[in-house]
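If you're matching them up, the sequences are chains A and B in order. Basically my numbering = 1-based index in the first sequence + 126. Basically my numbering = 1-based index in the second sequence + 483. The beta-carbon is built from N, C-alpha and C at its ideal position, and this holds for glycine as well. Note that the structure is predicted; figures quoted are calculated from it, not measured.
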Amino acid sequence: MPHDAAMPAKTTRPTARQSSRDYFVFDGQKIPLWPIRGKTSVPPARIRRAVRTVLKANNMLREGA
Amino acid sequence: MKKRWPAALGQNVFINCPFDDEYLPMLRAASFAIVFCGFRPRCALEVVDAGELRMTKILRLIQDCRLGMHDISRTALDETNQLPRFNMPLELGIFIGASHFGSGLQRKKKTLVVDVERFRYQKFISDIAGQDIKAHHNDPARFVAVIRDWLQCSMPPDKRLPGGRAIFRSYRSFQSQVPALLNQIELHESEVSFPDWLHLVQEWLRDTQIRSS
């Protein structure tokens with residue numbers, strides 16, 4: 127992961143430390159997302175599912191998500 | 484060779500602010516903006532370890548963060564005991580001290596001080612004159628723009644962050660879906676921890692179709 131916050135448009139294949147889920151895309155720019163410290167009240171997988179459910183219901187789910 | 488912060492630590496932003504309900508909308512907007520800009524918000528709320536001294540926890544956090552955002556706006560006396568809160572100025576002092584007396588990478592820390600009004604600090608903490616002090620007017624939109632502009636300054640000149648307005652527009656969109664999200668994970672608004680909030684933000688940013696205009 128480069129030191130710069132904005133990742134270059136071209137990326138290499140994800141490594142063990144950098145998965146395809148480690149960024150989001152805004153205006154064609156890949157912006158990194160960093161691991162979160164601290165324990166959640168509910169499992170992160172449940173949060174992920176909830177977000178996808180709500181986005182889908184609002185027709186806001188990103189293509190390919 | 485120039486010393487640089489390791490990538491993960493170099494993106495850490497220490498948030499030094501009040502942790503009460505009144506301030507919560509500001510904290511949530513600020514942490515959303517930090518994530519949106521590609522940085523990592525860190526604050527004392529991320530660790531719930533009764534065995535660890537609070538000061539030890541704070542010192543470790545400060546050591547781990549290249550950037551520090553300090554909100555000194557909470558100057559009013561506490562309604563119950565009629566005393567002011569000193570935690571924010573204390574942690575600001577430690578952060579500045581670390582960048583001054585620390586060695587190596589600690590000296591490369593960057594500080595943002597925010598208050599309700601830009602020059603109000605001169606009346607209660609005038610010794611910090613010379614730091615980067617900005618006003619948020621208790622307005623989350625303004626706060627987001629201030630944080631975005633400050634983070635932009637800590638990036639290479641050829642890298643451009645999304646504008647403050649675009650970030651806040653996304654934040655409003657996210658906010659409008661928070662009740663439904665909490666309903667899905669069966670958490671009440673008052674039960675949402677700082678790590679919960681960051682996970683919600685990150686997952687939402689990953690999977691939503693963000694409109695840039």
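Just how far apart, CA to CA, sit V629 (chain B) and V661 (chain B)?
Answer to the nearest angstrom: the Cα atoms are 24 Å apart.
Based on DSSP bridge pairs, tell me the residues matched to P524 (chain B).
DSSP, once it has assigned bridges, lists B:V496 as partnering P524 (chain B).
Reducing DSSP to helix, strand and coil, say where L595 (chain B) ends up.
It is a strand residue.
Cβ neighbours of N495 (chain B) in the same chain (closer than 8 Å, five flanking residues each side left out)
Only F522, R523, R525, D547, C548, R549 and L550 meet the Cβ criterion.
For M571 (chain B) and P639 (chain B), I'd like the C-alpha separation in whole angstroms.
Straight through space, the alpha carbons of P639 (chain B) and M571 (chain B) are spaced by roughly 29 Å.
is_contact[H553 (chain B), chain A] using C-beta, thresh 8 Å
Cβ-Cβ to chain A under 8 Å: no for H553 (chain B).
Whole-number beta carbon distance between R178 (chain A) and L187 (chain A), since they are thought to touch under 8 Å:
Between the beta-carbon of L187 (chain A) and that of R178 (chain A) there is about 6 Å, and that keeps the pair under the 8 Å contact cut.
Can you pull out the residues from the stretch 670-695 of chain B whose beta carbon lies closer than 8 Å to at least one beta carbon of chain A?
Those residues of the stretch 670-695 of chain B that come within reach of chain A (Cβ to Cβ, closer than 8 Å) are L670, E674, V675, S676, F677, P678, D679, L681, H682, L683, Q685, E686, W687, L688, R689, D690, T691, Q692, I693 and S695.
Check each residue of the stretch 521-542 of chain B: if its Cβ is closer than 8 Å to any Cβ of chain A, include it; give the result in chain order.
Taking a C-beta cut-off of 8 Å against chain A, the contacting residues of the stretch 521-542 of chain B are G521, F522, R523, R525, L528, E529, V530 and V531, listed in chain order.
So, with DSSP's three-state summary, where would you put T454 (chain B)?
Because chain B spans 484 through 696 in this model, residue 454 (chain B) falls outside it and cannot be assessed.
What residues in its chain sit with their C-beta under 7 Å from that of R652 (chain B), if we drop five residues either side in the sequence?
Here R652 (chain B) has no same chain residue with a Cβ atom under 7 Å from its own Cβ, once five neighbours each way along the sequence are excluded.
Give the DSSP-derived three-state secondary structure of D153 (chain A) in the structure shown.
It is coil, neither helix nor strand.
Going by C-alpha to C-alpha distance, which of B:L595, B:L566, B:Y654 and B:P567 sits closest to I579 (chain B)?
For I579 (chain B), the closest of B:L595, B:L566, B:Y654 and B:P567 by C-alpha to C-alpha distance is B:L595.
Measuring CB to CB, does K486 (chain B) end up less than 8 Å from G587 (chain B)?
At the C-beta level, K486 (chain B) and G587 (chain B) come within 8 Å of one another.
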